[in-house]
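**Student:** Residue numbers (our numbering): 800 to 916.
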């Protein structure tokens with residue numbers, strides 16, 4: 800510390816802004832992950848609802864074999880609804896991310912011009 804106080808290093812000049820490298824396939828991976836999450840969660844909620852209503856009606860006392868068809872049907876339809884509804888959500892997220900990047904770039908440029916002034 801004493802050596803630095805005696806002979807301080809000069810400050811480094813600011814680093815110019817470098818655009819981020821394009822991440823190929825990033826939006827596709829995010830969209831597929833969102834689709835898988837929504838499909839499984841919608842299917843699980845549908846199956847849970849069928850099991851709840853079967854329990855309320857007393858059908859679980861006979862065993863799961865009595866309700867396997869409605870269980871698969873509702874879980875499948877829930878999964879299909881999740882897969883279909885994930886497409887517009889992922890498209891909206893893709894457009895929103897590019898808009899957010901532009902806003903961040905604009906804010907950084909504005910801050911740099913303010914700091915220079």
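Built from N, CA and C at the ideal position, the CB exists for glycine as well. Just so we're clear, the structure is a prediction, and the values are computed from it rather than from any experiment.
Say whether the segment 834-842 touches the segment 875-886, bearing in mind that this needs 3 or more beta-carbon pairs closer than 8 Å, one atom from each stretch.
**Tutor:** yes
**Student:** To test your reading of the DSSP string, which unbroken alpha helix (DSSP H) runs of 4 or more residues are found completely within the segment 880-905?
**Tutor:** none
**Student:** What's the call for residue 883, buried or exposed, on a 16-neighbour Cβ count within 10 Å?
**Tutor:** Under this definition residue 883 is an exposed residue.
**Student:** Report the rounded CA-to-CA distance for residue 815 versus residue 881, giving the unit in angstroms.
**Tutor:** If you draw a straight line from the Cα of residue 815 to the Cα of residue 881, it comes to about 44 Å.
**Student:** Should residue 808 be labelled buried (16 or more other beta-carbon atoms within 10 Å of its own) or exposed?
**Tutor:** The residue is exposed, with fewer than 16 neighbouring Cβ atoms inside 10 Å.
**Student:** Apart from the five residues on each side of it in sequence, which residues of its chain come closer than 6 Å, Cβ to Cβ, to residue 847?
**Tutor:** none
**Student:** Assuming residue 892 and residue 829 are in contact, meaning their beta carbons sit under 8 Å apart, how far apart are those beta carbons, in whole angstroms?
**Tutor:** Contact holds; Cβ gap of about 7 Å.
**Student:** Secondary structure at residue 862, three-state DSSP: helix, strand or coil?
**Tutor:** Correct three-state label for residue 862: coil.
**Student:** Just confirm the distance between the C-beta atoms of residue 827 and residue 888, as a whole number of angstroms; I'd bet it's less than 8 Å.
**Tutor:** No, residue 827 and residue 888 are not in contact; Cβ-Cβ is about 14 Å, not under 8 Å.
**Student:** Give the secondary structure of residue 854 by DSSP, where H, G and I count as helix, E and B as strand, and everything else as coil.
**Tutor:** Of the three classes helix, strand and coil, the one that applies to residue 854 here is helix, per DSSP.
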